Amino acid sequence: MSRHILILIIMLSGLIIGQVTSPSIQTDQEWKEYTSIQKIELVSLSNYLYENKLYDQAILSFFQYIYRYPGDSLEPLAYYYIGRCYEESFQPQLAIEYYEKIRANSLSDAKLNQLAEYRLGISEILINNDTEVNDLTVGEIDPYLLTLRGIVDFRAMRWSDARQSFQAAEASFNDTYYSKLLREMYEYIDHAVLLSGKKRWITLLSSVFPGGGWVYLDDYNSAIGTFVGVAIPLIYTFTTVDLTTASLRYEYAYKTIIPANRGYSEKVDLPNEVNSNTLSSIQYDMLSISLGTYLGSVFASYSHVNEANRITVEEYIGTKITKAWLDDIFLNLEPDFSIY
């Protein structure tokens with residue numbers, strides 16, 4: 008009898024324990040499912056905002072993911088996309104900070120590190136920090152890094168080195184898509200070489216006309232300034248009225264002076280011919296200024312040829328190295344920000 012009672016007590020105890028613990032197990036499972044759903048929704052929201060170019064909101068969403076799930080395997084990817092959002096928002100300096108975080112993060116895999124390195128190089132190019140790009144790409148054979156190095160050489164006007172870098176990248180890619188993009192660069196290099204070919208002797212010949220040398224160098228402001236600086240003193244020097252003394256200068260024969268003041272008498276003897284062939288000291292000064300401006304302009308334009316070539320080429324290169332072109336090169340390299 009006592010044996011049956013003991014068995015019954017054990018069974019009832021198990022049932023009671025089961026009733027107490029079951030809700031706890033069930034609640035824990037439901038919580039895990041709930042948090043998992045939240046995580047998936049946050050990932051989806053972040054992707055949606057980024058893909059629709061809502062970069063400010065996307066940054067907040069990626070930061071929220073990092074805050075909610077610290078140390079998660081997707082944390083390096085969240086940093087990557089924060090950097091991409093800043094880059095697309097034209098804040099490459101901030102983007103660089105997050106690409107550097109990825110490279111320093113132990114959770115980052117080799118592929119993500121490589122992508123961060125690419126984007127780091129692009130961001131450095133966007134802020135004209137060619138020294139960093141040069142250090143990043145020196146000795147590399149990766150076609151993407153070779154492309155970045157070619158851009159640095161192109162901007163430094165190292166035409167041969169730039170062409171070699173682009174050719175090495177094209178051979179490594181071995182793809183018509185990349186070949187088309189890189190061959191554009193060959194054309195840009197050839198055109199830049201022509202733009203840098205202004206000659207000093209042509210500048211000197213062009214300077215026969217006041218400001219002509221500056222026109223040849225495409226510096227139209229200096230050309231206008233030179234022309235005005237030469238022309239106005241000349242006009243003043245050879246004008247028919249001396250404004251400093253308010254006296255008339257005569258260059259035509261047989262002019263008769265008739266005074267305008269009172270007390271005019273016809274008995275006053277006046278010369279039949281008045282000629283003024285002399286220049287005042289001020290007029291000599293004006294002539295000297297005009298001549299000095301002209302000669303100074305000739306010398307300045309002649310000396311400015313190399314600088315003008317550099318400025319012209321830099322402006323041209325700036326129109327060809329664009330973020331759009333870089334994005335075309337690095338197309339389809341974005342990693343998936345996904346739980347699965």
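In terms of our numbering, the numbers along the sequence shown are unbroken and rise by one, the last being 347. Cβ atoms here follow ideal geometry from the backbone N, Cα and C, with glycine treated the same way. Values in this document were obtained by computation on a predicted structure and should not be read as measured data.
Within the same chain, and ignoring the five residues on either side of ASP168 in sequence, the residues whose Cβ sits closer than 7 Å to its Cβ are ASP160.
The beta carbons of TYR125 and TYR151 sit about 5 Å from each other, so the pair counts as a contact at 8 Å.
Going by C-alpha positions, GLN64 is about 21 Å away from SER130.
Two segments are said to touch when three or more pairs of C-beta atoms, one from each, lie closer than 8 Å; by this definition the stretch 100-107 touches the stretch 80-91.
Secondary structure at GLY146: coil, using DSSP grouped into helix, strand and coil. In this structure, the beta-carbon distance from THR144 to ARG156 falls below 8 Å.
Counting every other CB atom within 10 Å of its CB across the protein chains shown gives PHE173 a total of 16 or more, marking it as buried. Inclusion of SER43 and PHE69 in the CB contact set at 8 Å is not warranted, their separation being larger than that value. Annotation note: the stretch 79-132 contains the following uninterrupted alpha helix (DSSP H) runs of length 4 or greater, listed N- to C-terminal: 82-95 and 99-111. SER345: not part of any alpha helix (DSSP H); DSSP gives it neither H nor E.
GLY128 sits buried, since 16 or more C-beta atoms from the chains shown fall within 10 Å of its C-beta.
Rounded to whole angstroms, the separation of the alpha carbons of ASP137 and GLU147 is 16 Å. Contact annotation: LEU49 and PRO342 have beta-carbon atoms that are not nearer than 8 Å. Judged by their CB atoms, GLY236 and THR154 are not nearer to each other than the 8 Å cut-off. Burial state of VAL320 is buried, judged by a 10 Å Cβ sphere holding 16 or more other Cβ atoms. Non-local beta-carbon contacts of LYS108 in its own chain, meaning distances under 7 Å to residues more than five positions away in sequence, involve TYR86 in chain order. By the Cβ neighbour-count rule, SER229 is buried, with 16 or more other Cβ atoms within 10 Å of its own. Annotation for SER115: PRO83, ILE109 and ALA123 place their beta carbon closer than 8 Å to its own, counting only its chain and skipping 5 residues before and after. Shortest Cα-Cα distance from PRO240 to any of ASN59, ALA176, LEU298 and GLN121 involves LEU298.
Between ILE134 and ILE158, the gap from beta carbon to beta carbon reaches 8 Å or more. Residue range 62-75 is occupied by the alpha helix (DSSP H) that includes PHE70. Going by beta carbons, GLU177 and TYR185 fall inside the 8 Å limit. By a beta-carbon distance limit of 8 Å, ILE346 contacts LYS46. Their separation comes to about 7 Å.
For PRO240, the secondary structure class from DSSP, reduced to helix, strand or coil, is helix. DSSP places THR183 in the uninterrupted alpha helix (DSSP H) bounded by 183-202. Counting of Cβ neighbours within 10 angstroms places ILE231 among the exposed residues, the total staying below 16. In this structure ILE336 is in contact with LEU188, their Cβ atoms being roughly 6 Å apart against a cut-off of 8 Å. Between the alpha carbons of LEU81 and GLU194 lies a distance of about 42 Å. Where ALA163 is concerned, there is no enclosing alpha helix (DSSP H), because DSSP gives it neither an H nor an E.
With contacts defined by Cβ atoms closer than 8 Å, TYR62 and SER96 form a contacting pair. A residue is called buried when at least 16 other Cβ atoms come within 10 angstroms of its Cβ; THR329 does not meet this threshold and is exposed.
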